[in-house]
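For reference, the structure is listed below as structure tokens.
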Amino acid sequence: MSDRPSHLITFLGTSKYDRVFYGWPDGPQVQTSLFPTALPRFLPEIRSATVFVTEESEAKYGQELDAQWPDGWRPEHVLIPKGSSADELWEIFDKVVNAVPPDCRVVFDITHAFRSIPLISVLAVAYLWSARDIQLQALVYGAYEARTGDPEVAPVFDLTPMVNLLEWLAAVERFRHHLDGEPLRRLLDQIQGQAYQSPSPQRPTQLKNAGNAVKRLTDALLLGRVREVLTEAPRLLHALANPQLRDEAGRWAKPLSLMLEPIQAVLREIARGPETDLDAHYNLARFYNDRRLYVLAITLLREWIISKACQAAGVQGRGLFDGGQREEIERVLGECYAARRDEKPRPTEPQWLASFAAEPAFDLWFKVPNVRNDVDHAGMRPNPTEAERLIANIRQLFSDPPAPEQELSMPEPEIVFYGIGVAEPTTPDAPLPPLPPIPRGSLVVIEGRAPIWRYALAWHRLHGSPAGAIGVYDPRLGAVIVASHCPQFREGQVLDVQPPAGTSQGG
37 MSDRPSHLIT
47 FLGTSKYDRV
57 FYGWPDGPQV
67 QTSLFPTALP
77 RFLPEIRSAT
87 VFVTEESEAK
97 YGQELDAQWP
107 DGWRPEHVLI
117 PKGSSADELW
127 EIFDKVVNAV
137 PPDCRVVFDI
147 THAFRSIPLI
157 SVLAVAYLWS
167 ARDIQLQALV
177 YGAYEARTGD
187 PEVAPVFDLT
197 PMVNLLEWLA
207 AVERFRHHLD
217 GEPLRRLLDQ
227 IQGQAYQSPS
237 PQRPTQLKNA
247 GNAVKRLTDA
257 LLLGRVREVL
267 TEAPRLLHAL
277 ANPQLRDEAG
287 RWAKPLSLML
297 EPIQAVLREI
307 ARGPETDLDA
317 HYNLARFYND
327 RRLYVLAITL
337 LREWIISKAC
347 QAAGVQGRGL
357 FDGGQREEIE
367 RVLGECYAAR
377 RDEKPRPTEP
387 QWLASFAAEP
397 AFDLWFKVPN
407 VRNDVDHAGM
417 RPNPTEAERL
427 IANIRQLFSD
437 PPAPEQELSM
447 PEPEIVFYGI
457 GVAEPTTPDA
467 PLPPLPPIPR
477 GSLVVIEGRA
487 PIWRYALAWH
497 RLHGSPAGAI
507 GVYDPRLGAV
517 IVASHCPQFR
527 EGQVLDVQPP
537 AGTSQGG
């Protein structure tokens with residue numbers, strides 16, 4: 037148990053709230069009409085709270101909330117707008133994150149939240165976790181609409197695992213786009229460690245191993261160890277295909293089982309051949325270039341040219357990595373470079389050079405050294421090339437840049453609506469509708485009247501899809517962009533669009 041104090045963030049709307057028993061999972065029951073008053077009884081470690089209210093909800097329920105609150109202390113009431121514009125939504129977000137004390141655990145309650153507040157709460161959790169190292173103790177929802185029994189008891193849903201998806205998404209994004217496997221390794225190590233503190237006899241054994249394999253591969257990737265990369269990538273692919281790992285992920289690390297495909301897609305891009313396959317070496321250099329890891333791209337490209345020259349000279353297999361042979365080949369290539377630079381005849385040529393001179397790699401050799409030297413010496417030279425121009429030079433070594441007309445005439449992404457609404461009360465394990473066809477780079481807007489957990493599940497399902505951006509639909513505002521890899525959209529942007537009739541699954 038953490039020794040950090042716990043702070044409650046909750047909301048009050050203006051709906052009619054009937055008195056009912058709320059039941060904590062495998063715990064006590066509390067009867068109340070205002071669910072926030074039950075939380076300090078369920079979680080006695082909560083010692084402070086902020087209740088966000090509009091003028092209308094404060095007038096209707098403010099005094100009643102304080103009257104039902106446990107003895108000894110009272111929550112702070114903070115006035116917020118209704119959220120009728122993008123500016124008001126940002127104002128609510130700012131007030132929520134600023135209400136959380138430093139170095140605390142936070143409990144978010146969205147039971148009586150209204151309109152877009154549940155989504156803002158999830159985004160606030162993500163911000164607090166990422167930017168302020170705030171620990172989320174729980175995200176809870178008192179499901180009045182799911183009450184059963186006699187007397188009726190409304191279950192309390194702990195939605196924390198849904199929010200943990202954000203941490204998994206961030207970890208997988210770090211792996212896919214930045215080749216950093218440490219966040220993923222840390223999550224897998226943490227889950228296996230927690231499992232061994234549980235009484236379950238079937239504890240995981242493969243999660244930590246998979247995390248360590250991810251770390252070995254990404255350490256090699258970030259240091260440009262091409263031979264190690266081409267050895268570790270197939271090993272990790274094999275480990276992720278292990279049925280035991282998939283079973284353990286399904287039980288202990290559900291987000292991992294849902295994200296295996298995007299991880300494996302990256303591995304398949306890398307694992308193109310054994311360590312002596314020079315096509316696989318070039319593929320990895322291009323892979324680095326595509327991910328804007330230009331130092332690694334230019335370094336490996338230069339070594340690939342030397343390897344190709346070694347191959348032309350009859351060096352095969354592991355002999356390609358022999359330092360003495362590489363130095364001799366590099367010496368010859370260096371003389372060729374100097375002769376062309378100084379406009380002098382080439383020195384006496386070995387037999388292999390004539391055949392190598394006909395290959396594209398030979399022409400590349402005369403473009404690479406100056407760029408590579410500028411990069412490797414950190415610009416510590418007279419008149420270093422500006423970073424923007426240097427990047428353009430590196431990218432051009434791999435492919436011609438698009439013409440200016442192509443850059444300016446970027447097509448507008450398609451907008452696809454994904455209706456997840458429900459007409460009847462539902463639970464977090466209820467299935468989502470199938471995804472609609474999603475063109476690559478399109479904006480997918482999640483819409484429909486539904487609990488917050490369905491929005492979290494839909495957001496997660498779209499991870500790894502061809503979508504270029506994700507938005508959520510608010511009937512008063514339009515589509516609010518919540519995630520984007522597409523230059524036409526930015527997070528927080530509001531688009532004046534409406535779903536076509538019949539898209540939503542509910543009301």
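For any residue, its number in my numbering is found by taking its place in the sequence shown, counting from 1, and adding 36. Every residue gets a Cβ at the ideal spot worked out from N, C-alpha and C, and that includes glycine. Keep in mind the model is a prediction, meaning the values are calculated, not measured.
In the three-state reduction of the DSSP assignment, Pro-449 falls in the coil class.
Rounded to the nearest whole angstrom, the CA to CA distance from Val-56 to Leu-253 is 54 angstroms. One Cα belongs to Phe-398, the other to Glu-448, and the distance between them is close to 40 angstroms. Taking one beta carbon from each stretch, the region 81 to 91 and the region 460 to 475 have fewer than 3 pairs nearer than 8 angstroms; the two do not touch. In terms of Cβ geometry, Thr-147 and Gly-178 form a close pair [threshold 9 angstroms].
Proximity to Lys-244 across His-213, Glu-284, Val-262, Phe-211 peaks at Glu-284, based on C-alpha coordinates. In the three-state reduction of the DSSP assignment, His-499 falls in the coil class. Annotated as distal: Val-208 and Pro-270, with beta-carbon spacing of 9 angstroms or more. For Pro-191, the uninterrupted beta strand (DSSP E) segment begins and ends at 189 to 194. In this structure, the CA atom of Val-265 is about 9 angstroms from the CA atom of Leu-320. Scanning Gln-233, Gln-524, Asp-532 for the CA closest to the CA of Pro-511 turns up Asp-532.
For Tyr-58, the uninterrupted beta strand (DSSP E) run begins and ends at 56 to 59, by DSSP. DSSP places Gln-65 within a strand segment (E or B) once states are collapsed to three. Our two residues, Arg-77 and Glu-188, have alpha carbons roughly 19 angstroms apart in a direct line. Rounded to whole angstroms, Leu-202 and Thr-463 show a C-alpha spacing of 20 angstroms. In this structure Trp-340 is buried. Its beta-carbon is surrounded by 16 or more other beta-carbon atoms within 10 angstroms. Bounds of the beta strand (DSSP E) holding Glu-483 are 479 to 483. 9 angstroms or more divides the Cβ of Ala-503 from the Cβ of Val-199.
Ranking Pro-191, Glu-422, Leu-220, Leu-332 by CA distance to the CA of Pro-64 puts Pro-191 first.
Contact between the region 349 to 360 and the region 411 to 428 is absent: fewer than 3 CB-CB pairs across the two stretches fall below 8 angstroms. The region 289 to 309 makes no contact with the region 336 to 353: fewer than 3 CB pairs, one atom from each, lie closer than 8 angstroms. Rounded to the nearest angstrom, the Cβ distance from Phe-150 to Val-176 is 16 angstroms, too far for a contact under 8 angstroms. Taking 9 angstroms as the cut-off, the Cβ atoms of Val-250 and Leu-273 do not count as close. With a minimum length of 4 residues, the unbroken runs of alpha helix (DSSP H) contained wholly in the region 339 to 387 fall at 359 to 377.
Following the DSSP letters along the chain, one finds Phe-144 inside the beta strand (DSSP E) bounded by residues 141 to 145.
From the listed residues Ile-128, Thr-312, Val-158, Ile-153, the smallest Cα separation to Val-142 is found for Val-158. Two segments are said to touch when three or more pairs of C-beta atoms, one from each, lie closer than 8 angstroms; by this definition the region 384 to 396 does not touch the region 298 to 315. Beta-bridge annotation (DSSP): Tyr-454 is paired with Ile-482. Between the beta-carbon of Leu-336 and that of Gly-260 there is about 6 angstroms, and that keeps the pair under the 8 angstroms contact cut. Gln-352 and Phe-402 have their alpha carbons spaced roughly 24 angstroms apart. Trp-109 and Pro-467 have their alpha carbons spaced roughly 41 angstroms apart.
Annotated three-state conformation of Arg-110 is coil, per DSSP.
Using a Cβ distance threshold of 9 angstroms, Ile-488 and Leu-79 do not count as a contacting pair. In chain order, Leu-273 place their CB closer than 8 angstroms to the CB of Arg-304, counting only its own chain and leaving out the 5 sequence neighbours on each side. For Asp-145, the closest C-alpha among the options Gln-230, His-43, Leu-223 is that of His-43. Counting other Cβ atoms within 10 Å of its Cβ, Asn-409 stays below 16 and is therefore classed as exposed.
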